[in-house]
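Asks: These protein sequence lines are chains U, L, B and V, in that order. Heads up: the first sequence begins at 1 in the numbering used here, then just goes up one per residue. Heads up: the second sequence begins at 342 in the numbering used here, then just goes up one per residue. Heads up: the third sequence begins at 683 in the numbering used here, then just goes up one per residue. Heads up: the fourth sequence begins at 1024 in the numbering used here, then just goes up one per residue. Every residue gets a Cβ at the ideal spot worked out from N, C-alpha and C, and that includes glycine.
4 protein chains.
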Amino acid sequence: MIVVMKSGSTPEQVEHVVGLVRSMGLKEHVIVGTERTVVACIGDDRFKDKSRLELIEGVDRVVPILATYKMASSETKKGRTIIPLGGKLGATIGGTKVPVIAGPCSVEDREHLLEIAHAVKEAGAVGLRGGAFKPRTSPYAFQGLAEQGLKYLAEAREQTGLAIVTEVMSIEQIPLCVEYADVLQVGARNAQNYNLLAGLGHVHKPILLKRGMSSTLEEFLLAAEYILAGGNDQVILCERGIRTFELDYVRNTLPLAIVPELHRRSHLPVVVDPSHGTGKSHLVPDMCKAAVACGSDGLILEVHNDPEHAMTDGAQSLNLDQFRQMMASVKRVAAAVDREI
Amino acid sequence: MIVVMKSGSTPEQVEHVVGLVRSMGLKEHVIVGTERTVVACIGDDRFKDKSRLELIEGVDRVVPILATYKMASSETKKGRTIIPLGGKLGATIGGTKVPVIAGPCSVEDREHLLEIAHAVKEAGAVGLRGGAFKPRTSPYAFQGLAEQGLKYLAEAREQTGLAIVTEVMSIEQIPLCVEYADVLQVGARNAQNYNLLAGLGHVHKPILLKRGMSSTLEEFLLAAEYILAGGNDQVILCERGIRTFELDYVRNTLPLAIVPELHRRSHLPVVVDPSHGTGKSHLVPDMCKAAVACGSDGLILEVHNDPEHAMTDGAQSLNLDQFRQMMASVKRVAAAVDREI
Amino acid sequence: MIVVMKSGSTPEQVEHVVGLVRSMGLKEHVIVGTERTVVACIGDDRFKDKSRLELIEGVDRVVPILATYKMASSETKKGRTIIPLGGKLGATIGGTKVPVIAGPCSVEDREHLLEIAHAVKEAGAVGLRGGAFKPRTSPYAFQGLAEQGLKYLAEAREQTGLAIVTEVMSIEQIPLCVEYADVLQVGARNAQNYNLLAGLGHVHKPILLKRGMSSTLEEFLLAAEYILAGGNDQVILCERGIRTFELDYVRNTLPLAIVPELHRRSHLPVVVDPSHGTGKSHLVPDMCKAAVACGSDGLILEVHNDPEHAMTDGAQSLNLDQFRQMMASVKRVAAAVDREI
Amino acid sequence: MIVVMKSGSTPEQVEHVVGLVRSMGLKEHVIVGTERTVVACIGDDRFKDKSRLELIEGVDRVVPILATYKMASSETKKGRTIIPLGGKLGATIGGTKVPVIAGPCSVEDREHLLEIAHAVKEAGAVGLRGGAFKPRTSPYAFQGLAEQGLKYLAEAREQTGLAIVTEVMSIEQIPLCVEYADVLQVGARNAQNYNLLAGLGHVHKPILLKRGMSSTLEEFLLAAEYILAGGNDQVILCERGIRTFELDYVRNTLPLAIVPELHRRSHLPVVVDPSHGTGKSHLVPDMCKAAVACGSDGLILEVHNDPEHAMTDGAQSLNLDQFRQMMASVKRVAAAVDREI
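1) Of all Cβ atoms in chain B, is any one closer than 8 angstroms to the Cβ of residue 1252(V)?
2) Chain B partners of residue 1304(V), CB-CB under 8 angstroms?
3) Consider the Cβ of residue 819(B): report whether some Cβ of chain V lies at a distance smaller than 8 angstroms.
4) Just checking my contact of residue 315(U) with residue 281(U) at CB under 8 angstroms: how many whole Å lie between their CB atoms?
5) Whole-angstrom Cβ separation of residue 995(B) and residue 787(B), contact assumed at under 8 angstroms?
6) Can residue 1116(V) and residue 1321(V) be called in contact, C-beta distance under 8 angstroms?
7) Counting only beta-carbon separations shorter than 8 angstroms, does residue 1026(B) have a partner in chain U?
8) Please report how far the alpha carbon of residue 239(U) lies from the alpha carbon of residue 275(U), in whole angstroms.
9) Counting only runs that start and end within the stretch 1288-1326 of chain V, where is the alpha helix (DSSP H) found for 4 or more residues in a row?
10) Does the count of Cβ pairs from the stretch 502-519 of chain L and the stretch 539-552 of chain L closer than 8 angstroms reach three?
11) DSSP state of residue 673(L), grouped into three classes?
12) Between the Cα of residue 52(U) and those of 644(L), 490(L), 629(L) and 494(L), spot the shortest distance and give me the residue it belongs to.
13) Name the DSSP beta bridge partners of residue 1152(V), please?
14) Check whether the Cβ atoms of residue 344(U) and residue 59(U) sit closer than 8 angstroms, and answer yes or no.
15) What are the complete alpha helix (DSSP H) segments, minimum 4 residues, inside the stretch 854-895 of chain B?
16) Mapping the DSSP letters down to three states, classify residue 1183(V) as helix, strand or coil.
17) Would you mind stating whether residue 153(U) and residue 132(U) have Cβ atoms separated by less than 8 angstroms?
18) Could you please give me the residues that DSSP links to residue 1111(V) through a beta bridge?
19) Contact between the stretch 188-200 of chain U and the stretch 77-85 of chain U is defined here as three or more beta-carbon pairs at a separation below 8 angstroms; is this criterion met?
20) Just the chain V side, please: which residues come within less than 7 angstroms of residue 44(U) by C-beta, in chain order?
21) Is it buried or exposed, residue 1057(V), if we count other Cβ atoms within 10 angstroms and call 16 or more buried?
22) Output the boundary residues of the alpha helix (DSSP H) element that contains residue 19(U).
23) Between which two residues does the alpha helix (DSSP H) containing residue 1133(V) stretch?
24) On a CA-only basis, which of 570(L), 535(L) and 544(L) is nearest residue 524(L)? Give me that one, please.
25) Taking C-beta to C-beta, are residue 1319(V) and residue 1353(V) nearer than 8 angstroms?
26) Rounded to whole angstroms, what is the Cα-Cα separation between residue 554(L) and residue 660(L)?
27) Looking only at its own chain, which residues have a Cβ that is under 7 angstroms from the Cβ of residue 253(U), when we skip the five neighbours before and after it?
28) Taking residue 1079(V) and residue 1024(V) to be in contact with their CB atoms under 8 angstroms, please state how far apart those CB atoms are, rounded to whole angstroms.
29) How long is the line joining the alpha carbons of residue 601(L) and residue 256(U), rounded to whole angstroms?
30) In or out: residue 533(L) buried (at least 16 other Cβ within 10 Å) or exposed?
31) Straight-line CA distance for residue 380(L) to residue 363(L)?
32) From residue 599(L) to residue 119(U), what does the alpha carbon distance come to, in whole angstroms?
33) Under 8 angstroms between beta-carbons, which chain V residues line up against residue 407(L)? List them in chain order, please.
34) Rounded to a whole number of angstroms, what is the C-alpha to C-alpha distance between residue 863(B) and residue 529(L)?
35) Are the beta-carbon atoms of residue 1123(V) and residue 1148(V) separated by less than 8 angstroms?
36) Under 7 angstroms Cβ-Cβ, which residues of chain L neighbour residue 1030(V)?
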């Protein structure tokens, strides 16, 4: 941490800062510059509340130096983390292969789900996504089939071998989701639901953690840290779009530069969700290509056999034909960056 | 809902739209314009997934007409909702009086809390805030005293009569919070934790609902709707700042225009939290004045007897002297807009 | 400037940084921390391109210390700047008085303008705003009356004594605007048009500088610095709303906390434009009150005698009655914070 | 345009709306819904100020239907626009080929510029970018070599055949830039400098128009429309990143989904600038790949032979080796989407 004094700060004010810094168990280093004094603080200040130093008369601001995540950091673990996805196809994420996870927004009924599962499997997907518990903005919207939905998903896995990815919305739902699914997803709206994250730290299945709609990169990695710190080292980071002033042609802005940046800062695998990342099915195939081109370790997207009649998120779902075409073109892009779908 | 066709859309495409609209139980009204055709749809489409109409060939976009919240709307309930805050001072929110709720970010220990409680009471506060369960961005940060913290809060109420406001982070914590506190707060990070919101619909205490960091006004009111729809009609809306590109001089941007707009659209009372809304204690007093000047029904803010040594959120806490001065100046502003602190 | 090395950086990398720092004419100070090394650099680095240090192998990031504006800073000039507005009423900005500048978005014709001018004068305004050159998002929209509009404005000043505030869009328009107007306004879209700003540095009239739609506080003050550095020390800072995800109930988000923060960092007067700051006339009066309550030195807003038929910006204009009522209520708020309208 | 009335609006209020609609030369169509009435308006309302209808008592909001750009729209011109870039290599943009334009942020001196020009040419670039006039946030920063810089650029074209792309900051600079350069660039800070845009409508050279830092897609296309409406049909749209809350690991957020969306809405070619789009050179190569993968018609980026000593924008410039490697990998991605660098 660096404490920057205001120009014109007094020696007494600097002393006051030094005292508080020492009381935090840190060692100070006072540097008198041409116009200002700064106090550099040595020692691990990751767990201290630094902000309060800003209250001291004469302090201009406090600049943190250490990143506050540790287990998620590539400084802590050098190689890349590779996570088996479950299912019966031996799929993993984090290596050269780029797994594709596809399926409907919500599990609506058995027939549709099985039809979709077989179709995405044939086109090259290795995972099936589908919501049994649905976080809906409106209390009046369809809230999901709950356990019945999970059973249909498990049946789809039996028939196809696809790994099952489903969202868990609260601690109470964890046991049920663990029983039926292979990968548990945390949605963007729960990205800072710390009780849920801490609960998932005790689970022995991979967690697909979506970035919050306005989470910074650091907050995103700290959310992962909650799960890692609990003992579960299988965290998959998922970029799904952020909220910006772009609300006319997309529902969210998909900031793909985070993909290579997460790879620099963390050893965890990164997937991209271009369905939520744009909210518009016509933009999904191009964003799939872009995501793979810049190094995404996987894709998760919404596919429906009849999007016009989907109960939820129809506008961002590919139909089966569109999915097949997307897969064909993304395979070529993957090869061009030495990856394989 | 209005379906806007692309220029050059064919009659078949319009027919397709009409068919889908009818299958949703709505009545259509086709209007052929100079350059485009639009299909106006009559009937209550609030619960339908309209987005999928955008998938139809020839459709440009779908414009929703009805707001999707109902119980929170001023169209449903005409007068303003007035909510008793609990405690022993007879405080209410939503009327002419502007209650001030103050206290530390976290309950740290008994002595500090009681000192703060007495001081804010004397300065004119009617509620005491304090976190027993703390949502912390980092898993390594102080997580709160849990039930012991709630007990200290209850003791402070005994001594001062102040209404106790505390954050509840998950469904499991509800019973404990209901037992000790008067008002349950939902934090910004849980603003779209729908399971928690639904759970709070069954509680018989007021809920202070913070706006999510990137929630739209409609999403904010829909979060309130989750609680109202469960049967709890005591919801207090709290603006606490949104996330924008302003990250240099503030931690959040405080968009005060939402105060009069919420009053237009909803009958629920609105409070402002200038501590989180700015993240900087030196900006808090002026934002308190601004909030009251534009009609806020209350204030909730962080006060600490020794902010330099606070365990959490020191930088945004007023000390006791600053709080007293703020109260004195805000009382004058309140009088200028015919309100009373 | 502080250069933060990555954990695990080598002594050679630190040496490389030191060499580059010295070649910039700065003195370095290497501090070896528990986990990282930082290089503090002493000397005035305001004019150097620091970003390139980030390219050196082993550097994590570069943290600037000095603010890059100087003449606009309250560190350079201690007292507040008070600027006479011109006109015949002796109005100034920056002192205890809070001048109100009102008028139509565009000058549309002589009769309307004079009617509005007399009405706002009677209600207590001291300045008349009105666009003769209009920056319009669409090339097909009304572009203003140009010099004829300026003549009408000057006539209105003759009749009422109001100071004339009008927008200048390019260097070529400066002489004409200087001839007719008292205060030249730079619009938000030109907030970083550096050629225009530099040109206004040579003008001997006050400049009302609007913040860019996505300018940071520092960029805003640096835009002012362009004018100040050219020799014109009469700059009035104007907050007019920023672009955020709030695009449903407002056109822009009005971040009022910038008002006290600008007062802390700069000696220049600050005005608020709640018309553009919200885009909705029904929100303007409450935002006027909030702006004055938190210390705004003035208000500039759109008023029209017949907003329903205004050629531009009708939706955000107050009519004459609304303006009078607003003035009456804002005067009370001003008195409550020891100011005077 | 659709005027949506509030629930509970009266027939008189609807009549008032109808009157105003007719006075705009439009034909109304009143639709009485279950809960609300809407007034659909037929006729070309593109040039009307619709916002003022929102002022009428009983109106909830006004929904525009027509896009306000026309010449830029793919509804007006069906095929794609192909623009020759100039220089001596016969390069064009908008077809199958993906031209790469590279060079230093600023022209610093003759030697550096020529070295860079030869190097990027050999690696496959067809255009040379370089600023002679520099828009700098600070008035104290290097402002460019002006005409001398343009001469160096022209000399580089002589030697290499590369097309010269340079920024024009004001109307006065147009003749000089036209004389020496092949493509005139409008920077993000001038993206809504309408006088400059209108001036460029009379130029007979291609204009590379950068999106403003917070421009919406519609505002971006309207800025293009200003140029097109003036008679210059050679406009290249350039995405260079937008301002969001992401300010920690990038300087701007690069929203690549706009590339396919611009292709849907407009016939104009689209290029991506990943240097400004991220602000960090280590992210540039991956963003180049992503941009080409999702259909970008070209790339423009900053390259320097010695970024550590660049006078401006060092942190986002590739060095010559990095540029060569990037070109090799992007060529493979281009081939995978049936394009060619």
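Replies: Quick look at the numbers:
1) Reading the fourth sequence from its first residue, position 229 is the one you call residue 1252(V). By this cut-off, residue 1252(V) is an interface position.
2) As a first step, residue 1304(V) is located in the fourth sequence; it is residue number 281 there, counting from the start. Residues of chain B passing the Cβ test: 737.
3) What you label residue 819(B) is simply residue 137 of the third sequence in a count that begins at 1. Taking Cβ atoms only, chain V reaches closer than 8 angstroms to residue 819(B), which makes this a yes.
4) Position 315 of the first sequence, counted from the start, is the residue given in the question as residue 315(U). Position 281 of the first sequence, counted from the start, is the residue given in the question as residue 281(U). About 6 angstroms; that satisfies the 8 angstroms criterion.
5) Counted from its first residue, the third sequence places residue 995(B) at position 313. Counted from its first residue, the third sequence places residue 787(B) at position 105. Contact flag correct, Cβ pair sits at about 4 angstroms.
6) As a first step, residue 1116(V) is located in the fourth sequence; it is residue number 93 there, counting from the start. As a first step, residue 1321(V) is located in the fourth sequence; it is residue number 298 there, counting from the start. Yes, they are a contact pair.
7) Any property of residue 1026(B) remains undetermined from this structure, which presents chain B solely from 683 to 1023.
8) Against the first sequence, residue 239(U) aligns to sequence position 239. Against the first sequence, residue 275(U) aligns to sequence position 275. Looking at the two C-alpha atoms, the distance is approximately 11 angstroms.
9) 1297-1301 and 1307-1316
10) yes
11) Position 332 of the second sequence, counted from the first residue, corresponds to residue 673(L). Reduced to three states, the DSSP call for residue 673(L) is helix.
12) For the purposes of this step, residue 52(U) is identified with residue 52 of the first sequence, where counting begins at 1. Closest by alpha carbon: 644(L).
13) One-based indexing of the fourth sequence puts residue 1152(V) at position 129. According to DSSP, residue 1152(V) bridges with 1188(V).
14) With chain U covering 1 to 341 only, the question about residue 344(U) has no answer from this structure.
15) DSSP runs (the alpha helix (DSSP H)) wholly in the stretch 854-895 of chain B: 856-862 and 876-882.
16) One-based indexing of the fourth sequence puts residue 1183(V) at position 160. Of the three classes helix, strand and coil, the one that applies to residue 1183(V) here is helix, per DSSP.
17) Taking the first residue of the first sequence as 1, we reach residue 153(U) at position 153. Taking the first residue of the first sequence as 1, we reach residue 132(U) at position 132. Yes; because the gap between Cβ atoms is below 8 angstroms, this pair is in contact.
18) Sequence index remark: in the fourth sequence, residue 1111(V) carries index 88 (1-based). Among the bridge pairs identified by DSSP, residue 1111(V) is matched with none.
19) At 8 angstroms Cβ cutoff, the stretches do not touch.
20) Here residue 44(U) refers to the residue found at position 44 when the first sequence is read from its first residue. In chain order: nothing, as chain V lies at least about 21 angstroms away.
21) For this step, residue 1057(V) is matched to residue 34 along the fourth sequence. The residue is exposed, with fewer than 16 neighbouring Cβ atoms inside 10 Å.
22) What you label residue 19(U) is simply residue 19 of the first sequence in a count that begins at 1. Note, residue 19(U): alpha helix (DSSP H), 11-23.
23) For the purposes of this step, residue 1133(V) is identified with residue 110 of the fourth sequence, where counting begins at 1. Per DSSP, residue 1133(V) belongs to the alpha helix (DSSP H) from 1133-1146.
24) Here residue 524(L) refers to the residue found at position 183 when the second sequence is read from its first residue. The option with the nearest alpha carbon to residue 524(L) is 544(L).
25) Position 296 of the fourth sequence, counted from the first residue, corresponds to residue 1319(V). Position 330 of the fourth sequence, counted from the first residue, corresponds to residue 1353(V). By the CB criterion at 8 angstroms, residue 1319(V) and residue 1353(V) fall outside the cutoff.
26) Residue mapping note: residue 554(L) aligns to position 213 of the second sequence, counting from 1. Residue mapping note: residue 660(L) aligns to position 319 of the second sequence, counting from 1. Each residue's Cα considered, the two are about 26 angstroms apart.
27) Locating residue 253(U) in the first sequence gives position 253, where the first residue counts as 1. Contacts found: 241, 242, 244 and 246.
28) For the purposes of this step, residue 1079(V) is identified with residue 56 of the fourth sequence, where counting begins at 1. For the purposes of this step, residue 1024(V) is identified with residue 1 of the fourth sequence, where counting begins at 1. Not a contact, Cβ separation roughly 13 angstroms.
29) Indexing the second sequence from 1 puts residue 601(L) at position 260. Indexing the first sequence from 1 puts residue 256(U) at position 256. About 37 angstroms.
30) Stepping through the second sequence from its first residue, residue 533(L) is reached at position 192. Result: buried.
31) Taking the second sequence and counting its residues from 1, one reaches residue 380(L) at position 39. Taking the second sequence and counting its residues from 1, one reaches residue 363(L) at position 22. Cα-Cα distance, rounded: 12 angstroms.
32) Taking the first residue of the second sequence as position 1, residue 599(L) is located at position 258. Taking the first residue of the first sequence as position 1, residue 119(U) is located at position 119. Each residue's Cα considered, the two are about 47 angstroms apart.
33) Looking up residue 407(L) in the second sequence gives position 66. Going along chain V in sequence order, the residues near residue 407(L) (Cβ under 8 angstroms) are 1058 and 1059.
34) Counted from its first residue, the third sequence places residue 863(B) at position 181. Counted from its first residue, the second sequence places residue 529(L) at position 188. Straight-line Cα distance between these residues: approximately 48 angstroms.
35) Position 100 of the fourth sequence, counted from the start, is the residue given in the question as residue 1123(V). Position 125 of the fourth sequence, counted from the start, is the residue given in the question as residue 1148(V). Contact flag set, yes.
36) Within the fourth sequence, numbered from 1, the residue matching residue 1030(V) stands at position 7. Ordered by position in chain L, the residues that pass the 7 angstroms Cβ test against residue 1030(V) are 416.
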